[in-house]
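Taking the working numbering, the leading residue of the sequence shown gets -19, the next gets one more, and so forth.
First comes the structure, then the notes that go with it.
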Amino acid sequence: MLNFYGFTLPKLRKHFEEIGENPAKADIVFGGFYKDGKPWEHGFGEFGFAERVAEKLEREFSFELPEVVEKTEDESAAKLLLRLSDGECIETVLMRQRFGNCICVSTQVGCNMACKFCQSGLMKKRRDLTPAEIVGQALRISREFSCRIDGVSVMGIGEPFDNFENTADAVSILSEDKGLAVGRRHVTVSTCGIVPKIYEYAELPQPCSLAISLHAPDDALRSELMPINKRYPIAEIFKAAEYYTKKTRHRVALEYIMLSGVNDTDECAKTLAELIGGRDFYVNLIPYNATDSEFRKSDNERLSRFCAVLKEHGVTATKRREFGASLKGACGQLRADNLAKRE
Ligand code: SF4
């Protein structure tokens, strides 16, 4: 069966055309299920199709969503461990921010990028998620907490550009005006720096925002922390990111996880500012959620000082609010615990 939530609007139009239906009907169906919240249980009968066509569509499409296995919640955040149809588990996080509800979605089961500080990197990729499984995380959160989704970070388990096609379809569905209508600037895909895919992303008809997981001010340290840097060094990533900015007029965020004594000194901040130079990037400093790894989080004072040094050197920098440390907030932590329980 085809999962309805995996269809972008252009693909649904094409599908309707292929089965001899008016492609414009796709817009009505898309808007009905996503925007007007028509209950999918009522099926396609609501949209004025001939009975025969409605029955065919109902046989063809499923509206399956990932199931909730575990839910943890505090006043600022919630985290869901979700089970997919083949039994694999992924994580999705809801962060209640001042401007609205932002979610962080996964794109793969596990990850092959092996970043040293990351729990998910310790577990190899088992498979890519389908577009329906990525979009399904947003829908599941929205139903579970009866909330609107105002922002999406594609920054959970997995490297989105290692699953490019499916991620591109998912962000198209999430940001489609007739779909979930999350503003394109509020849908951010975060990559560890797969350079050719940054160029490809810039060429999408409706590209969303881009973040680079940088986490180090120079190649030597970055290669130590993130093996992908040996393949795509910082200069190449920055060149691709500048191309993206020029093409889309969206600013690029550099994500920087603060690791105590590793990448958080004043010297690192100055080197980072010099590296950025006059480029139109901004830095998002992220408090580290400690895992079983060798790394520890920088204290608040250090984080503030690092941010101040960047600003003194003309770089726009923000500190991300800390979410969900009590919820096993580090990417992949809940899934790792669940796997350990099963073993
Ligand atoms: S930080 Fe992201 S890219 Fe790196 S191992 Fe973790 S999930 Fe993969």
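Note that the Cβ used here is the ideal one computed from N, Cα and C, for glycine as well.
All figures in this text were calculated on a predicted structure; none of them were measured in a lab.
Residue i burial status per 10 Å Cβ neighbour count (16 or more: buried)
i        : result
Lys5     : buried
Leu(-18) : exposed
His22    : exposed
Phe79    : exposed
Ile237   : buried
Pro46    : buried
Tyr224   : buried
Asp142   : buried
Lys219   : exposed
Pro111   : buried
Asp149   : buried
Glu323   : Per-residue confidence for Glu323 stands at a pLDDT of 45, beneath the threshold of 50, marking its modelled position as unreliable; the derived number appears in the next sentence. With fewer than 16 other Cβ atoms within 10 Å, it is exposed.
Tyr212   : buried
Gln117   : buried
Gly67    : exposed
Gly294   : exposed
Arg(-7)  : buried
Asn329   : The chain is shown only over -19 to 323; residue 329 falls outside these bounds and no answer can be derived.
Glu40    : exposed
Ala200   : exposed
Glu254   : exposed
Lys277   : buried
For residue i: DSSP bridge partner residues
i      : result
Glu47  : Arg63
Asn280 : According to DSSP, which records beta bridges pairwise, Asn280 is partnered with nothing at all.
Gln99  : Bridge partners of Gln99: none, in fact.
Gly80  : Gln77
Lys299 : Leu265
Thr72  : Leu60
Ser42  : Asn(-17)
Arg106 : Beta-bridge pairing links Arg106 to no other residue.
Ile114 : None; Ile114 has no bridge partner.
Met93  : In DSSP, Met93 forms no bridge with anything.
Distance CB(residue i)-CB(residue j) smaller than 9 angstroms
i      : j       : result
Ile217 : Gly159  : no
Cys188 : Thr168  : yes
Ile114 : Val89   : no
Arg202 : Asp244  : no
Thr271 : Cys91   : no
Val49  : Ile(-1) : no
Leu194 : Leu252  : yes
Glu26  : Gly11   : no
Leu60  : Lys51   : yes
Gly136 : Ile70   : yes
Ile192 : Val232  : yes
Leu265 : Arg229  : no
Phe144 : Tyr181  : yes
Leu290 : Phe261  : no
Min CB distance residue i to chain B below 9 angstroms
i      : result
Ala297 : The structure shown contains no chain B; it is built from a single protein chain.
Within the segment 242 to 292, ranges of the alpha helix (DSSP H) (whole runs, at least 4 residues)
246 to 256 and 280 to 292
3 or more residues per run - each beta strand (DSSP E) lying fully within the segment 118 to 150:
Taking only runs of at least 3 residues, the beta strand (DSSP E) segments lying wholly in the segment 118 to 150 are 131 to 134.
As an exercise, report each continuous beta strand (DSSP E) stretch of at least 3 residues that is fully enclosed by the segment 158 to 234, in chain order.
Correct list: 167 to 171 and 189 to 193.
Give, in chain order, every unbroken run of the alpha helix (DSSP H) that is at least 4 residues long and sits entirely within the segment -14 to 27.
-11 to -2 and 4 to 14, all fully within the segment -14 to 27.
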